[in-house]
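S.K.:
In our numbering, the protein residues as written are 7 to 308.
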């Protein structure tokens, strides 16, 4: 009884549901024929599957022809077959392979950063004209004459004082001294170590220890950029002048061109820490040489 109640497609239920309604309408017919339609569809599918399996089995058993694989042995290959194989191999070797064209890559260009520091500007060497030279060279004939005394320096007369020059005069040597009330000066190529003349160009220019590239690198790595200059985005060139003394130390450090904000003071403080240079030489003597150092700054505030 319970099963009959659950099957809502039984004819008894359909008569109850559609009592007093139009049974010619499609809903009644669909419910009335649903079991039959399901069984017919299932039978068709099963029949088709059985036929497909049976046909495949019959084809493989009665109609499919199996071709046995051909196995060649050394005895089966005759001279004619060997010639044919050799021709095929030669034809394959003769076919030229088209070379693969490789696209050449353009050389990679590496951007080079322009140095921020134009460190040392070498002064031009000035050569005096022959008619401007005040010291006369001693001839070889004069050197051979035992009565002639030659000196390495040139002296100028002083009306109120006497110079006792330091140097070699013949076979005697003098330490040198100055007497009198008027200040005098020595010029020329003597051995007067007390001369404080400052040159801008000499025979052997002073150089920093390790060479100019090492000095430039030292400046670039140790320059303390002032924070105020960074904040203002200062860019430009400052010029610092100094004197390379006879002992190689740097003195008289001054700023010739300043961009303010502490940039010049930072350069002065840095040069005060520099190691001694190899001093300049003029006529075999160590002399004081003036230098001008341009430093290019480019501040980027971060």
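Even glycine gets a Cβ: it sits at the ideal position worked out from N, Cα and C.
Because the structure is a prediction, the values reported are computed rather than measured.
Which first and last residues belong to the alpha helix (DSSP H) in which residue 219 is found?
M.R.: Counting along the chain, the alpha helix (DSSP H) containing residue 219 begins and ends at 218-228.
S.K.: Have a look at residue 24 and residue 36 and give me their C-alpha separation to the nearest angstrom.
M.R.: In a straight line, the C-alpha of residue 24 is about 13 Å away from that of residue 36.
S.K.: Measure how close the beta-carbons of residue 295 and residue 205 come, nearest whole angstrom, since I'm counting them as under 8 Å.
M.R.: Indeed, because the Cβ distance is near 5 Å, the residues count as touching under 8 Å.
S.K.: Going by the beta-carbon positions, is the gap between residue 254 and residue 224 smaller than 8 Å?
M.R.: No, these two residues do not count as a Cβ contact at 8 Å.
S.K.: Short check: CB of residue 211 to CB of residue 240, under 8 Å?
M.R.: No, Cβ-Cβ distance for residue 211 and residue 240 is not below 8 Å.
S.K.: Residue 244 and residue 268: beta carbons closer than 8 Å?
M.R.: No, the pair does not count as a contact, with Cβ atoms beyond the cut-off.
S.K.: Can you list, in chain order, the residues of its chain with a C-beta nearer than 7 Å to that of residue 42? Leave out the 5 residues immediately preceding and following it.
M.R.: No residues qualify anywhere along the chain.
S.K.: Just how far apart, CA to CA, sit residue 230 and residue 202?
M.R.: Roughly 33 Å between the two C-alpha positions.
S.K.: By DSSP, does residue 248 sit in helix, in strand, or in coil?
M.R.: Residue state, collapsed to three classes: strand.
S.K.: When we look at the beta-carbon of residue 54 and count the other beta-carbons within 10 Å, is it buried (16 or more) or exposed?
M.R.: Exposed, by the Cβ-count rule.
S.K.: Between which two residues does the beta strand (DSSP E) containing residue 68 stretch?
M.R.: Counting along the chain, residue 68 falls outside any beta strand (DSSP E), and DSSP gives it neither H nor E.
S.K.: Would residue 300 and residue 251 be called neighbours here (beta carbons separated by less than 8 Å)?
M.R.: Not in contact: residue 300 and residue 251 (Cβ atoms no closer than 8 Å).
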